[in-house]
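Protein chains in written order, with our numbering: chain W, 15 to 188; chain C, 300 to 486.
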């Protein structure tokens, strides 16, 4: 037997009994699971990249002149009084922003309330009552005061029935 | 064995995400890559299954690449071979990093029950010797002696010239004989 044949026989002997043709269900299931994991990982990476790319122009071109309320840039050359002044300025900016934000929220809340029919009806009734009260006072007053009162009713509560009467009185007196 | 048309149909179904098609491909075409992986990875069943699993993942992720191959099984064999090589490189890098010169021994419980004890010992010696070969030598030995490929086939699989395969095979044979002196009678 040649060396080559001997080597072949030895290798065949080492390999004997290892051939199994069955591919298990677990192997197939594991392949599916691994693909899902890879896809998930890729989706996460792509999302992060997209976010980074989207944020880059904003990071590069953002308006640095806008007063920053996040922090005071570190500057070791600042003395303590200068530092205190810088802190006070930052606080003032924060307070301004907070006040503006509070006002905005208040307006928003008021607009939302006025949009509700029940609230709107109540406000209209209050206006009507106030206009009537002024009109009644005007009816008891002299001509000059009455004209001023009717003028006031027509200007302040233009949508009320008292304002219609006031305008009519003003026209007739003219 | 599927003809080209049937294989194309199977791959079309696979591309549409048909799980039954994938299972069919796995059951029909994976035994040979699995056996190759066992032989290249020191008859370690767990490692071999991991590699074949990765080959199946490659098939799931890139069915179009498999569809371009003339033979699906040959494509899976090539992918498995490449995965075994990269796994071997990673392991070698780790061993270098950890400064461990001795490679881990191949698994010793893979012997068939009907192999006599003396043969089992001899068989283990041969497996150890094959496993301790450099990966390039092990590839040509396994592909030539166990997979039955000639130099031209091996050259195609490994992406090298046939002459290089012949030279590598000759050297690998010498090294294997040197690792098995009591068996082959090498000096």
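C-beta atoms are modelled at their ideal positions from N, C-alpha and C, and glycine is treated no differently.
These numbers come from a predicted model, not from an experiment.
Opening and closing residue of the alpha helix (DSSP H) in which residue i lies
i                      : result
residue 308 of chain C : 303-314
residue 478 of chain C : 461-478
residue 452 of chain C : 450-457
residue 362 of chain C : 362-367
residue 387 of chain C : 371-397
residue 129 of chain W : Counting along the chain, residue 129 of chain W falls outside any alpha helix (DSSP H), and DSSP gives it neither H nor E.
residue 166 of chain W : 157-170
residue 440 of chain C : 434-440
residue 317 of chain C : Taken as a continuous stretch (DSSP letters only), residue 317 of chain C belongs to no alpha helix (DSSP H), as it is neither H nor E.
residue 173 of chain W : No alpha helix (DSSP H) contains residue 173 of chain W, which DSSP labels as neither H nor E.
residue 343 of chain C : Counting along the chain, residue 343 of chain C falls outside any alpha helix (DSSP H), and DSSP gives it neither H nor E.
residue 24 of chain W  : 17-29
Residue-chain proximity (residue i, chain W), Cβ-Cβ < 7 Å
i                      : result
residue 445 of chain C : yes
residue 408 of chain C : Since pLDDT at residue 408 of chain C reaches only 49, below the 50 mark, its modelled position is unreliable, and the value read off the structure follows with that caveat. So, not an interface residue.
residue 470 of chain C : no
residue 426 of chain C : yes
residue 385 of chain C : no
residue 434 of chain C : no
Residue i at chain C interface by Cβ criterion, 7 Å
i                     : result
residue 28 of chain W : yes
Chain-ordered neighbours of residue i on chain C, where CB pairs are closer than 8 Å
i                      : result
residue 113 of chain W : Going along chain C, no residue has its Cβ under 8 Å from residue 113 of chain W, so there is no contact; the nearest lies around 57 Å.
residue 22 of chain W  : 444
residue 52 of chain W  : 356, 360
Chain C contact residues for residue i, given Cβ-Cβ distances below 9 Å
i                     : result
residue 45 of chain W : 321, 325, 351, 352, 353, 354, 355, 356, 358, 359
Beta-carbon neighbours of residue i, restricted to chain C and to distances below 7 Å
i                     : result
residue 49 of chain W : 356, 359, 360
Cross-chain neighbours of residue i in chain W, by beta carbon under 8 Å
i                      : result
residue 250 of chain C : Beyond the ends of chain C as shown, which are 300 and 486, falls residue 250 of chain C; an answer cannot be given.
residue 475 of chain C : 21
Whole-number beta carbon distance between residue j and residue i, since they are thought to touch under 8 Å
i                      : j                      : result
residue 174 of chain W : residue 145 of chain W : 4 Å
residue 475 of chain C : residue 440 of chain C : 6 Å
residue 184 of chain W : residue 163 of chain W : Their Cβ separation, rounded to whole angstroms, is 10 Å, which puts residue 184 of chain W and residue 163 of chain W out of contact at 8 Å.
residue 339 of chain C : residue 351 of chain C : At roughly 11 Å, the Cβ-Cβ gap does not stay under 8 Å, so residue 339 of chain C and residue 351 of chain C are not in contact.
residue 459 of chain C : residue 442 of chain C : Contact flag wrong, Cβ pair sits at about 12 Å.
Partner residues on chain W for residue i, Cβ-Cβ distance less than 7 Å
i                      : result
residue 348 of chain C : 41
residue 437 of chain C : Chain W residues near residue 437 of chain C: none, gap ~11 Å exceeds 7 Å.
residue 335 of chain C : Those within 7 Å of residue 335 of chain C in chain W number zero; the least Cβ separation is about 11 Å.
residue 338 of chain C : 29
residue 421 of chain C : 27
Cβ of residue i within 7 Å of any chain A Cβ
i                      : result
residue 372 of chain C : Among the chains of the structure shown, chain A does not appear; the protein chains present are W and C.
Heavy atom of the ligand GTP within 6 Å of residue i beta-carbon
i                      : result
residue 356 of chain C : The model depicted lacks the ligand GTP and carries no ligand whatsoever.
Where residue i meets chain W, residues with beta-carbon distance less than 9 Å
i                      : result
residue 418 of chain C : 27, 30
Does the stretch 418-432 of chain C come close enough to the stretch 338-345 of chain C that 3 or more CB-CB pairs lie under 8 Å? yes
Pairing CB atoms from the stretch 108-125 of chain W with CB atoms from the stretch 147-158 of chain W, are three or more of them under 8 Å? no
Does the stretch 60-70 of chain W come close enough to the stretch 375-383 of chain C that 3 or more CB-CB pairs lie under 8 Å? no
With a cut-off of 8 Å, do at least 3 Cβ pairs link the stretch 351-361 of chain C to the stretch 39-57 of chain W? Taking a contact to require three or more Cβ pairs closer than 8 Å, the stretch 351-361 of chain C and the stretch 39-57 of chain W qualify as touching.
Quick check: the stretch 320-329 of chain C against the stretch 384-398 of chain C, are there 3 or more CB pairs under 8 Å? By the Cβ test, the stretch 320-329 of chain C is not in contact with the stretch 384-398 of chain C, since fewer than three Cβ pairs between them sit closer than 8 Å.
When you compare the stretch 467-483 of chain C with the stretch 49-66 of chain W, are there three or more beta-carbon pairs, one atom per stretch, that lie closer than 8 Å? No contact exists between the stretch 467-483 of chain C and the stretch 49-66 of chain W.
Cβ contact check for the stretch 306-313 of chain C and the stretch 18-30 of chain W: 3 or more pairs under 8 Å: no
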